[in-house]
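Just below is one structure, and these are the notes that go with it.
There are 2 protein chains.
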Amino acid sequence: MRPLFHPVPENITVEGILHALSDPVRAAIYAKIVGANCSQICSSFLEVSAKPVPKSTLSQHFKVLREAGLIRGERRGVEMHNTSRCDEINQRFPGLIPAILSAHTLQSKGTARSAAAGKRKPAKA
Amino acid sequence: MRPLFHPVPENITVEGILHALSDPVRAAIYAKIVGANCSQICSSFLEVSAKPVPKSTLSQHFKVLREAGLIRGERRGVEMHNTSRCDEINQRFPGLIPAILSAHTLQSKGTARSAAAGKRKPAKA
DNA sequence: GTCCATAGTTCATGAATTCGGAACTATAGA
DNA sequence: TCTATAGTTCCGAATTCATGAACTATGGAC
Chain A
29 MRPLFHPVPE NITVEGILHA LSDPVRAAIY AKIVGANCSQ ICSSFLEVSA KPVPKSTLSQ
89 HFKVLREAGL IRGERRGVEM HNTSRCDEIN QRFPGLIPAI LSAHTLQSKG TARSAAAGKR
149 KPAKA
Chain B
29 MRPLFHPVPE NITVEGILHA LSDPVRAAIY AKIVGANCSQ ICSSFLEVSA KPVPKSTLSQ
89 HFKVLREAGL IRGERRGVEM HNTSRCDEIN QRFPGLIPAI LSAHTLQSKG TARSAAAGKR
149 KPAKA
């Protein structure tokens, strides 16, 4: 169990953030963490998606979010508590996170039909 | 040579946009297209990055940007003219594109040193 | 202390993406 | 028609991603 890696704010990159949030599962996880006032534990996300996410996959997703600088993870006993690093990122890239989150919100509200489409392919016909 | 595919605005997804712009080469291409008042041809991007981008790779990058709905490509004779679809996207996801672009600008200004780091890995030590 | 349950991580491997050189297509002009 | 130019497509190699199995670390019961 190697120690958790968190980038310092200066090493947080736009590419890392966009990549992390370009996956719908990770975006959903992050949105929920940001939305909650308290820290969230990993296992509460096993059913974040329509089909349940295996816990090894979940662990990788949390790692990506952590290493992108989006969240901070802290082991407390046997659980991992996750909080958002919104303020730090907002200081480095003002407005970026709110814009992405509100776009995600708009999308999930607006389009029930296009949600049927695949992960990131824009329907090939 | 199959015809170019462009998604209609309703099928443009946040995931697609974030994925497309999470690559530094594509982000640079897109920023230049948005910044320019006139359309840009593909071959003018062979040297967007420090090391020259092969034209097959460039072609793929343009395809990703097109299919994400970020740009519109139009064949004119032997060249391909590319323009941004900013307005359409801004209507669907207000503020998203400006936020990402200004974050990219901030980053490229601010950190000459972290630019030395790899593509999206946040320095492992 | 030992044993067990729980919460996550790491490893290994197959699937899916991405990169880039070579070959190809389409158009313009001589 | 022949040649040059601008992009695209194809395909093999390299990389990244997903996930089951094995593992680690902590807490609690005894």
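Residue numbers (our numbering), protein chains in the order written: chain A, 29 to 153; chain B, 29 to 153.
Think of the CB as a built atom: it goes at the ideal place given N, C-alpha and C, for glycine as much as any other residue.
Item	Value
Beta-carbon spacing of A:Ser112, A:Ile61 below 8 Å	yes
Three CB pairs or more closer than 8 Å across the region 92–101 of chain B and the region 33–46 of chain B	yes
Residue environment, A:Phe33, which counts as buried when at least 16 other CB atoms sit within 10 Å	exposed
Exposed unless 16 or more other CB atoms sit within 10 angstroms - verdict on B:Val106	exposed
Collapsed DSSP secondary structure at A:Asn39 in the structure displayed	helix
Neighbouring residues, chain B, relative to A:Ala78 (Cβ below 7 Å)	Residues of chain B passing the Cβ test: none, with the nearest at roughly 15 Å.
Beta-carbon proximity of A:His109 to A:Glu102, cut-off 8 Å	yes
Per DSSP, cross-strand counterpart(s) of B:Ile69	B:His109
Residues, ordered as in the chain, of the region 42–55 of chain B that lie near chain A by beta-carbon distance below 9 Å	Val42, Glu43, Gly44, Ile45, Leu46, His47, Ala48, Leu49, Ser50, Asp51, Pro52, Ala55
Amino acids of chain B, ordered along the chain, whose beta-carbon sits closer than 7 Å to that of A:Ala127	Gly123, Leu124, Ala127
CB contact check: B:His132 to chain A, cutoff 8 Å	yes
Selected residue, minimal CA-CA separation from A:Gln135, among A:Met29, A:Ala55, A:Glu38	A:Ala55
When B:Arg30, B:Phe90, B:Ala78, B:Thr133 are compared against B:Ala48, the one with the closest alpha-carbon	B:Phe90
Assigned exposure category for A:Ser71 - 16 Cβ within 10 Å defines buried	exposed
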